[in-house]
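Read through the structure below, which is laid out as structure tokens, and then see the notes.
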Amino acid sequence: MQFTSVSFLLFAAVTVGLYFSVPRKRQWWVLLAASYLFYFCAGAEYLIFILYTTCVTYLTARLMQKRADAEDAFVAANRDTMEKSERKAYRAKEKKKRLHILALGLLLGFGMLAVLKYTAFVLTGVNSFLSLFGTARVTIPSLLLPLGISFYTFQSMGYLIDVYRKSVRAEGDFFKLALFVSFFPQLIQGPISRFSSLGNQLFEPHAFDGFSFRAGLCRVVWGFFKKLVVADTAMIAVKELTSNTAEFTGVYVFLLILLYSVQIYGDFTGGIDITIGLSEMLGIKLAENFDRPFSSKSTKEYWRRWHMTMGTWFTDYIFYPLSVSNSMQKLSKWSRAKLGDKVGKRIPVYLATIVTWFLTGLWHGAGLNFIVWGLLNCLVILVSQELQPLYTGFHQKFPRLTASKPWGVWQAVRTFLLMGLIRSLDCYRDVPLTFRLWGTMFTDFQWGTLFCGGLLSFGLDVADWCVILGGVLVIFLVSRLGKTEPVREKLAKRPVLMCLCLCALTVVILLFGAYGIGYDASQFIYNQF
Amino acid sequence: MKKRIILCICMILVTVILLGFIQALVQPKYMSASREGALIAEYYGEETSHDVLFVGDCEVYESFTPPTLWEEYGITSYIRGSAQQLTWQSYYLLEEILKYETPKVVVFNVLALKYGEPQDEAYNRMTLDGMKLSVTKLKAISASMTEEESFASYLFPLLRFHSRWKELGKEDFTYLFRRDTVSHNGYLMQTEIRGGKAEITPSPLVDDTLPETSMEYLDKMRALCEENGIAFVLIKAPTNDWKYHWYDEWDEQIVAYAEENRLKYYNFIPLADEIGIDWSTDTYDMGVHLNVYGAEKLTSYFGELLVNEFGLESRKNDTALAETWQKKLDAYYAERNN
Amino acid sequence: MKKLIALLLGALMLCAMASCDNGNEENTGFRPFVVGGVTVTLDAEAEPIIASLGAYVAFAETGSCYGDDKDKVYQYTSYKIQTYSNEGKDYILSVEIFDDADTSIATPEGICIGDSAEDVLNKHGTPNVQTEQQIVYFDYDNDAKLQILLRDGVVTNIQYLKYE
Numbered sequence: 002m003q004f005t006s007v008s009f010l011l012f013a014a015v016t017v018g019l020y021f022s023v024p025r026k027r028q029w030w031v032l033l034a035a036s037y038l039f040y041f042c043a044g045a046e047y048l049i050f051i052l053y054t055t056c057v058t059y060l061t062a063r064l065m066q067k068r069a070d071a072e073d074a075f076v077a078a079n080r081d082t083m084e085k086s087e088r089k090a091y092r093a094k095e096k097k098k099r100l101h102i103l104a105l106g107l108l109l110g111f112g113m114l115a116v117l118k119y120t121a122f123v124l125t126g127v128n129s130f131l132s133l134f135g136t137a138r139v140t141i142p143s144l145l146l147p148l149g150i151s152f153y154t155f156q157s158m159g160y161l162i163d164v165y166r167k168s169v170r171a172e173g174d175f176f177k178l179a180l181f182v183s184f185f186p187q188l189i190q191g192p193i194s195r196f197s198s199l200g201n202q203l204f205e206p207h208a209f210d211g212f213s214f215r216a217g218l219c220r221v222v223w224g225f226f227k228k229l230v231v232a233d234t235a236m237i238a239v240k241e242l243t244s245n246t247a248e249f250t251g252v253y254v255f256l257l258i259l260l261y262s263v264q265i266y267g268d269f270t271g272g273i274d275i276t277i278g279l280s281e282m283l284g285i286k287l288a289e290n291f292d293r294p295f296s297s298k299s300t301k302e303y304w305r306r307w308h309m310t311m312g313t314w315f316t317d318y319i320f321y322p323l324s325v326s327n328s329m330q331k332l333s334k335w336s337r338a339k340l341g342d343k344v345g346k347r348i349p350v351y352l353a354t355i356v357t358w359f360l361t362g363l364w365h366g367a368g369l370n371f372i373v374w375g376l377l378n379c380l381v382i383l384v385s386q387e388l389q390p391l392y393t394g395f396h397q398k399f400p401r402l403t404a405s406k407p408w409g410v411w412q413a414v415r416t417f418l419l420m421g422l423i424r425s426l427d428c429y430r431d432v433p434l435t436f437r438l439w440g441t442m443f444t445d446f447q448w449g450t451l452f453c454g455g456l457l458s459f460g461l462d463v464a465d466w467c468v469i470l471g472g473v474l475v476i477f478l479v480s481r482l483g484k485t486e487p488v489r490e491k492l493a494k495r496p497v498l499m500c501l502c503l504c505a506l507t508v509v510i511l512l513f514g515a516y517g518i519g520y521d522a523s524q525f526i527y528n529q530f
Numbered sequence: 002m003k004k005r006i007i008l009c010i011c012m013i014l015v016t017v018i019l020l021g022f023i024q025a026l027v028q029p030k031y032m033s034a035s036r037e038g039a040l041i042a043e044y045y046g047e048e049t050s051h052d053v054l055f056v057g058d059c060e061v062y063e064s065f066t067p068p069t070l071w072e073e074y075g076i077t078s079y080i081r082g083s084a085q086q087l088t089w090q091s092y093y094l095l096e097e098i099l100k101y102e103t104p105k106v107v108v109f110n111v112l113a114l115k116y117g118e119p120q121d122e123a124y125n126r127m128t129l130d131g132m133k134l135s136v137t138k139l140k141a142i143s144a145s146m147t148e149e150e151s152f153a154s155y156l157f158p159l160l161r162f163h164s165r166w167k168e169l170g171k172e173d174f175t176y177l178f179r180r181d182t183v184s185h186n187g188y189l190m191q192t193e194i195r196g197g198k199a200e201i202t203p204s205p206l207v208d209d210t211l212p213e214t215s216m217e218y219l220d221k222m223r224a225l226c227e228e229n230g231i232a233f234v235l236i237k238a239p240t241n242d243w244k245y246h247w248y249d250e251w252d253e254q255i256v257a258y259a260e261e262n263r264l265k266y267y268n269f270i271p272l273a274d275e276i277g278i279d280w281s282t283d284t285y286d287m288g289v290h291l292n293v294y295g296a297e298k299l300t301s302y303f304g305e306l307l308v309n310e311f312g313l314e315s316r317k318n319d320t321a322l323a324e325t326w327q328k329k330l331d332a333y334y335a336e337r338n339n
Numbered sequence: 003m004k005k006l007i008a009l010l011l012g013a014l015m016l017c018a019m020a021s022c023d024n025g026n027e028e029n030t031g032f033r034p035f036v037v038g039g040v041t042v043t044l045d046a047e048a049e050p051i052i053a054s055l056g057a058y059v060a061f062a063e064t065g066s067c068y069g070d071d072k073d074k075v076y077q078y079t080s081y082k083i084q085t086y087s088n089e090g091k092d093y094i095l096s097v098e099i100f101d102d103a104d105t106s107i108a109t110p111e112g113i114c115i116g117d118s119a120e121d122v123l124n125k126h127g128t129p130n131v132q133t134e135q136q137i138v139y140f141d142y143d144n145d146a147k148l149q150i151l152l153r154d155g156v157v158t159n160i161q162y163l164k165y166e
């Protein structure tokens, strides 16, 4: 069931209706049933995998919790007889045991993801390695990739780590945990939620709240506008530009970067708007995933504002633990001793950053292009970190210039283009080809061809261009207007104006949306991850 | 508070009306191009009942001319056919017809029996969009949809045709709320002559059995006619074509079915000479369909069968009816001789 | 604990097995039909091919029930070629060998009308579909198929065509 299908709209309407009509204590049952029905519609065979992840998460979390409780009880009971050092040693021993359980849980959880998502990729690599020696090839099995598996696996594994760290208590009710893993609005494209913030909200009773219902509804409709009108119209061009790379070089690569940025922004933020909006209608507040990312002035800032829940996941569960791990500490000591303080202290940080970005790339997809994409992002971040003194010097020398508005705009545009450039790896899906095409932008730009019919040569007619540009303008204006308070919240306070806006937006979506026969049915891009 | 709610309801109403208006605007009008698409809806404009009703694909709406049937035999008739109209679509159209009237004879052209599955979205649209909303229509939609289609888009055609906002033309505004009549009681006139006999060998069939689904619907049509005391007649229009070839293996099955159910079946292909069809002048597309000259010859021939075999009588004595049909004849000849 | 590990590992294996997709059909592209030195590739532009094939025995142009699409068919001794039109240009839709009047007309592998089903399997290899009525080879990359019709184990018709 696609978010953009009529059946999803009906499904969501019935779910919301039921949710507010059953006794409040039972509301979460409605959500669980709806979530499993939603996932069942995507493919009955996928249910095995989500149930597997839920069972693994439930059992290992419970096991860790049991040990942790026993540990606390033991310490409490023997508070008087145990020395502080003994207590510490006992706790360390127990922590190690819990770590083993955690490791098992992570192995089983990520193991499934790794097998399903990366087998073909690894075996292709093995085959090309074997072909160097002319040895027999390994047959690559064709595996199912269950919808949203990357998202729910990451969310579940994050929860396991939280239980291990004792920052949350393991959920004792299997069905409640099942709901946390499978909550349908966020099941297939995030945001990746934390149990500490989402858990209770899911299970608590919620009275109908007119304000959040209205604000949520506005957000859902806004999401549809971004996805159907803007992203899917831009997609027509992106498809054409990437499928005929022999013809579309130079200036067309530049156009692709712009159009793909528009597409992925509309697609991903639109999808998240539908997710968060729908949850808000139910009284559940999900974590935000975007904070006007295209106004970021540096790559680092961009990654704090784009796909935020994934970024914080990697920071909290990969980057930090890796940075403070024993082996990293040892490496740090060793490198400082051998290479001096200045270089030595950078080594562990660099290593942790590279590993984190490598994994971020890999998470996005089993392909060399995604890995290169991740590492390029990492490179940009590290280089700008190294050049920081230079920037500071520049800022000190030209304080008036660097504090001015145009300078800020220039920084945002620069970041936007740089991120767009790297992101194009994601749509060409072929690393050498992408590099070659980047090259043509510098050697054979030929911007003149655009005005000799070029702009209309890749599937967009004048009307489509008007829709895209108009849509982008509207999104920009709404984003500006919502700087202090989101526009939907402003509107929710004025129901009549809200009603007018919703009606107008509905007409615009139905008329100008790129959906139905004549347009290729398009999945949300992030459903694939 | 109350005022606000009323205001909101008003706005929603205005939006619904606006969407209805936009929907009417973007729906194809089928007035100058693909006129076949306008056929199904025209039936609802009929004010008098009919002795004979034809159902089927292009081989009915290009092969019989109701004005001729009236002029020569005083028989009233209507053709409920559309492009590549599938057997189940014919069945549901017949079911719908019976809500309005009970003809004496129903004639079905058998070519469409070769299709056992939904075929083409564009043809589906031309058949189904013209039907008035009813349970019958809903059943027809769910039987006909190809995989790419959605049910909702039949209830709200805006969902299907919204992208036409880019190509709106004068026709879309002229025919926003009205349509011209394109047919003569369901007959779509073709006056062009493009004769010739194509000596192309037809490709052999892989499976020569007619599909079960279409045969089932044929039987449902038969049963429906039987229940209502209507004579059900099977025909195969005369054609001279390799592409939509009527295979002997199929013919044998229809002959057997007709015998088993004591139905009349007329295969007009071998009777073309007897009917007087001249393939050099009576077709507009090298034998795939008849033009008006061929259709008139076939209608004359078939009218005689209707009189002799089914005992249909002339209704020319009914002056009110005669007046209505005179107007139809005038319109028919105006187009034919233009 | 050990039991639990064994249980969970077992579940992992089961899931991994369940995830195997059976729709893994082997792709068998086939060599295009060649006649009198002219290669007739499906989807190729028709004009130069028809021009080099010389005079045809029969020709027909067929519209559909509505619309302006025109399919054309050119019949030669023992084979015929059908084309479809797209934006004013014609492209090859199918090639069909229908009799053995000209015994030189055969597939590049050497199968002609009258050969046995065994000959087909020997020369063309393992088919994607085989029944008493037909042997079919698919070229999934190009949405094309080679369909060989049989009657009593003997080839009666050979078609290269596009499928939807």
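Residue numbers (my numbering), protein chains in the order written: chain W, 2 to 530; chain D, 2 to 339; chain Z, 3 to 166. Beta carbons: idealized from backbone N, C-alpha and C, even for Gly.
I need the straight-line Cα distance from residue i to residue j, nearest angstrom please.
{"i": "residue 230 of chain D", "j": "residue 60 of chain D", "result": "25 angstroms"}
{"i": "residue 12 of chain D", "j": "residue 6 of chain D", "result": "10 angstroms"}
{"i": "residue 17 of chain Z", "j": "residue 506 of chain W", "result": "Low confidence applies here, because residue 17 of chain Z scores a pLDDT of 46, under 50, leaving its location unreliable; read the following figure in that light. The alpha-carbon atoms of residue 17 of chain Z and residue 506 of chain W are separated by roughly 44 angstroms."}
{"i": "residue 511 of chain W", "j": "residue 17 of chain D", "result": "12 angstroms"}
{"i": "residue 281 of chain D", "j": "residue 446 of chain W", "result": "60 angstroms"}
{"i": "residue 191 of chain W", "j": "residue 314 of chain W", "result": "12 angstroms"}
{"i": "residue 605 of chain W", "j": "residue 107 of chain W", "result": "Only positions 2 to 530 of chain W appear in the structure, and residue 605 of chain W is not among them; the question remains open."}
{"i": "residue 28 of chain Z", "j": "residue 128 of chain Z", "result": "Caution is warranted here: a pLDDT of 46 is assigned to residue 28 of chain Z, below 50, making its placement in the model unreliable, and the coordinate value is therefore given only provisionally. Approximately 10 angstroms between the Cα atoms of the pair."}
{"i": "residue 144 of chain D", "j": "residue 37 of chain W", "result": "29 angstroms"}
{"i": "residue 37 of chain Z", "j": "residue 107 of chain Z", "result": "7 angstroms"}
{"i": "residue 70 of chain D", "j": "residue 188 of chain D", "result": "12 angstroms"}
What would DSSP say about residue i, mapped onto helix, strand or coil?
{"i": "residue 177 of chain Z", "result": "In the structure displayed, chain Z extends from 3 to 166; residue 177 of chain Z sits before or after that span and is not available."}
{"i": "residue 51 of chain D", "result": "coil"}
{"i": "residue 86 of chain Z", "result": "strand"}
{"i": "residue 284 of chain D", "result": "strand"}
{"i": "residue 245 of chain D", "result": "coil"}
{"i": "residue 365 of chain W", "result": "helix"}
{"i": "residue 35 of chain Z", "result": "strand"}
Take the Cβ of residue i as the centre, count every other Cβ of all protein chains shown within 10 Å, and call the residue buried at 16 or more, exposed below.
{"i": "residue 62 of chain W", "result": "buried"}
{"i": "residue 309 of chain W", "result": "buried"}
{"i": "residue 123 of chain Z", "result": "exposed"}
{"i": "residue 208 of chain D", "result": "exposed"}
{"i": "residue 462 of chain W", "result": "exposed"}
{"i": "residue 307 of chain D", "result": "buried"}
{"i": "residue 33 of chain W", "result": "buried"}
{"i": "residue 17 of chain W", "result": "buried"}
For residue i, which residues in chain B fall below 9 angstroms Cβ to Cβ?
{"i": "residue 167 of chain D", "result": "The chain inventory of the structure shown lacks chain B, comprising the protein chains W, D and Z."}
For a minimum of 3 consecutive residues, which ranges assigned as the beta strand (DSSP E) are wholly contained in the segment 144-187 of chain W?
none
Residues, ordered as in the chain, of the segment 497-521 of chain W that lie near chain D by beta-carbon distance below 9 angstroms:
497, 499, 500, 501, 503, 504, 505, 507, 508, 511, 512, 513, 514, 515, 516, 517, 518, 519, 520
Compile a chain-ordered list of the residues in the segment 445-474 of chain W whose CB is closer than 9 angstroms to at least one CB of chain D.
462, 463, 464, 465
Residues of the segment 29-63 of chain Z with Cβ closer than 9 angstroms to any Cβ of chain D, in chain order:
59, 60, 61, 62, 63
Members of the segment 198-210 of chain D that neighbour chain Z once the beta carbon cut-off is set at 8 angstroms:
199, 200, 201, 202, 204, 205, 207, 208
Compile a chain-ordered list of the residues in the segment 269-300 of chain D whose CB is closer than 7 angstroms to at least one CB of chain Z.
286, 287, 289
In the segment 71-135 of chain W, which residue ranges form an unbroken alpha helix (DSSP H) of at least 4 residues, counting only runs that do not cross its ends?
85-134
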